[in-house]
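J.: If you're matching positions, the sequence shown starts at 152 in my numbering and goes up one per residue.
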Amino acid sequence: MTTSFIGYANDKQIRYSSSSGGIITAVIKYLFEAKRIDSFLGCTFNVEKCCYEPTLIHSYADYELAGSVYQEMDLIPFVKEHLAEIKKTILVVCSPCLVKAFRNILKKNGLEAIIIDYFCSGQTTIEGTYCYYRFMNIAKKDVLNIRYRGNGWPNGIEITLRSGEMIRRANYSEPWSTIHGSELFRPKRCFYCKNVESEHADISVGDPWLKEYIDTDTIGSSLFLVHSALGQSIVQEMLSNNKIVVKSVDYELFEKSQRPSLRRKSMVSDMKSYYDLVIKIINIKSYSKWAKKNRKNMKRHIWIMNHIVRPYSSMKKMSKFGIFKKIVGKIKSGGARIYWKKKIGSIGENWYKGEHVTMQNPHCLFFGNNVGIGKYTYFMPCCNFLGTEYHPKITVGDGTWIGICNSFAAIHGITIGKNVLFAGYVHVTDHSHGYEDITKPISKQPLISKGPVVIEDNCWLGFNSEILSGVHIGRNSVVAAHAVVTKDIPPYSIVAGNPARIVKQYNFETHEWEKYK
């Protein structure tokens, strides 16, 4: 029976120095001190080779706290070569895909094993790190050490040079995000792996990518699953000896925190033809050399994979006419992007625009990456009305999808966050027509506004809803169909009606949407 926990090492230095709460390091230290293990499969940084290498240690004093290591290592061959050095019980920390292999090898050789795996979204070869150095204009010979994570949470990459200079980059920032996203340095097995964690491990550990931790935790906590009676006994002993601080949580929090990885890995079977094609392409030496040459080429490679290779891989069952239609659509889409890129204020990668989209004063429009716009949508920033000049700005964040027949009108500003979802026929405006002077047609009266509109990240706006001027909608909120929003909406709220009122809010203690009182 798997049980779920969130916690951290009681040793403040271990907690801070580790990549996420220090639970793994605390277990290593405790098992050595309690003489429950005589060996640990760790790693150490080889300065001359500029990479991490596996090592077998027999005392916690020899342990090198490296944090997460985003670099492939040949752990299985190393253990096979050093079996004679393991006396009785070894602690192994590895990726989920290696757990069963380690169990079998060690059992066949009469050795006992305690195995911890980490939540895994896919590994990167050492060439990925070398590419990172190159993009950062760092010579390998100048590198004294690299830490991918640790020293606070979630932190990021820290490179120590021989000169003593320290180079720091935030977690999953450029250029690492492009290198990782390109999959050019992904081991072949990772494309087809379906495991985020392994039930055959004693304990599985990872980051709690949950809002309440992302917003407040700067030191680090571990979300971990305990699968075996042995794992349970270790956790209970450490609690009794005040080595860790933990609380029991629902398994759903693991699913929530690892949702992107779980979703991608659940689709591996459906994506096999795509992954087969990706591997063939990136193994073409000339293509691989071109894609890895610089970051610009690497981003182009990512675009090619997403917009050409992925659709092509699903064409095998399509008719020739269907394939032709799909290719023509891609060409049109690409041509539209080139045309609009010269006119729009800014436009990100993977931008999609449906048919008959109207963009008035396009220099006032700013689109992020992976933005989709449904057909018959209107963008109407107004720069001049009845002789009054305005300087409007409509901004649409990364990953936002706008349904069909939406309309956006602004004289000041409309700011839309990341991953916002618009259903059809949604209207957003930061102004309206004056009507006070009954001697003039309304069309001849000045525009009035309560201020710009802000819609924060991860919101969902239902069919035929309307957002009026001066409104600020907090993140992760839902606007019901046909609702008319006239006032600010706090984060994590559901509103409905005309005028819109809060009907539910998310409770972070119960992890449920609850009726608003």
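C-beta: ideal position from N, C-alpha, C; glycine also. It should be emphasised that the depicted structure is a prediction, and the values quoted were computed from it without experimental measurement.
(1) From Y221 to Y283, what distance separates their C-alpha atoms?
(2) Less than 7 Å between the C-beta atoms of K291 and C201, yes or no?
(3) Whose C-alpha, out of R298, G621, N649, is nearest the C-alpha of A560?
(4) Which runs of the beta strand (DSSP E) spanning at least 3 residues fall entirely within the region 178 to 241, listed in chain order?
(5) Report yes or no: do the region 417 to 436 and the region 184 to 197 share at least 3 C-beta pairs separated by less than 8 Å?
(6) Return the first residue and the last residue of the beta strand (DSSP E) that K666 is part of.
(7) Of the choices S644, N658, R626, I157, whose alpha-carbon is the least far from that of V386?
(8) Once the 5 residues before and after N302 are set aside, which same chain residues still bring their CB inside 7 Å of it?
(9) Determine the contact status of F270 and G357, defining contact as a CB-CB distance below 7 Å.
(10) Identify, in the order they occur along the chain, each residue of the same chain with its Cβ nearer than 8 Å to the Cβ of G496, setting aside the five sequence neighbours on each side.
(11) Counting pairs of beta carbons, one from the region 328 to 338 and one from the region 458 to 465, are three or more of them closer than 8 Å?
(12) How long is the line joining the alpha carbons of L182 and A651, rounded to whole angstroms?
(13) Determine the contact status of P641 and G625, defining contact as a CB-CB distance below 7 Å.
(14) Just list the beta strand (DSSP E) runs in the region 367 to 438, keeping only unbroken ones of 3 residues or longer that don't cross its boundaries, in chain order.
(15) Assuming F253 and R446 form a contact by the criterion Cβ under 8 Å, report the distance between their Cβ atoms to the nearest whole angstrom.
(16) Can you have a look at P228 and say buried or exposed, based on whether 16 or more other CB atoms are within 10 angstroms of its CB?
(17) Just verifying my parser: in three-state terms, what is the DSSP assignment at L612?
(18) To the nearest whole angstrom, what separates the beta carbons of H351 and V250, a pair I think is in contact under 8 Å?
(19) When you compare the CB positions of Q596 and H584, do they come within less than 7 Å of one another, or not?
(20) Quick check on H452: does DSSP put it in helix, strand or coil?
(21) Taking the CB atoms as reference points, tell me whether L598 and I565 lie closer together than 7 Å.
(22) Would you call T580 buried or exposed, if buried means 16 or more other Cβ atoms sit within 10 Å of its Cβ?
(23) Tell me which residues share the same chain as V508 and place their Cβ nearer than 6 Å to its Cβ, disregarding the 5 neighbours each side in the sequence.
(24) Do A177 and I188 have their CB atoms nearer than 7 Å?
(25) E325 and P98 - do their beta-carbons sit closer together than 7 Å?
(26) For F573 versus E363, is the C-beta distance shorter than 7 Å?
(27) Buried or exposed, going by whether 16 or more other CB atoms sit within 10 Å of the CB of I593?
T.: Looking at the coordinates:
(1) Approximately 12 Å between the Cα atoms of the pair.
(2) Their beta carbons are under 7 Å apart, which means K291 touches C201 by this criterion.
(3) With distances taken between Cα atoms, A560 lies closest to G621.
(4) 190 to 197, 202 to 208, all fully within the region 178 to 241.
(5) Output reads no: the region 184 to 197 does not touch the region 417 to 436.
(6) 663 to 666 is the extent of the beta strand (DSSP E) around K666.
(7) Selected option, being the one with the closest Cα: I157.
(8) So the list reads Y167, S168, E309, once near-sequence residues are dropped.
(9) In this structure, G357 lies closer than 7 Å to F270 by Cβ.
(10) The residues are P513, H514, C515, L516, F517, K544.
(11) No, they do not touch.
(12) The alpha-carbon atoms of L182 and A651 are separated by roughly 57 Å.
(13) Yes, they are a contact pair.
(14) With a minimum length of 3 residues, the unbroken runs of beta strand (DSSP E) contained wholly in the region 367 to 438 fall at 373 to 377, 395 to 400.
(15) Actually they do not touch by this definition, with Cβ atoms about 37 Å apart.
(16) Looking at its Cβ environment, which holds fewer than 16 other Cβ atoms inside 10 Å, P228 is exposed.
(17) DSSP places L612 in strand when its eight states are reduced to three.
(18) Under the criterion of beta carbons closer than 8 Å, H351 and V250 qualify as touching, at roughly 5 Å.
(19) Contact flag set, yes.
(20) Of the three classes helix, strand and coil, the one that applies to H452 here is helix, per DSSP.
(21) Not in contact: L598 and I565 (Cβ atoms no closer than 7 Å).
(22) Residue burial is scored here from C-beta neighbours: T580 has at least 16 other C-beta atoms within 10 angstroms and is therefore classed as buried.
(23) In the same chain as V508, and ignoring 5 residues on each side of it, the C-beta atoms closer than 6 Å to its own belong to I524, T528, in chain order.
(24) A distance of 7 Å or more separates the beta carbons of A177 and I188.
(25) Beyond the ends of the chain as shown, which are 152 and 668, falls residue 98; an answer cannot be given.
(26) At a Cβ-Cβ threshold of 7 Å, F573 and E363 do not count as neighbours.
(27) Burial call: exposed.
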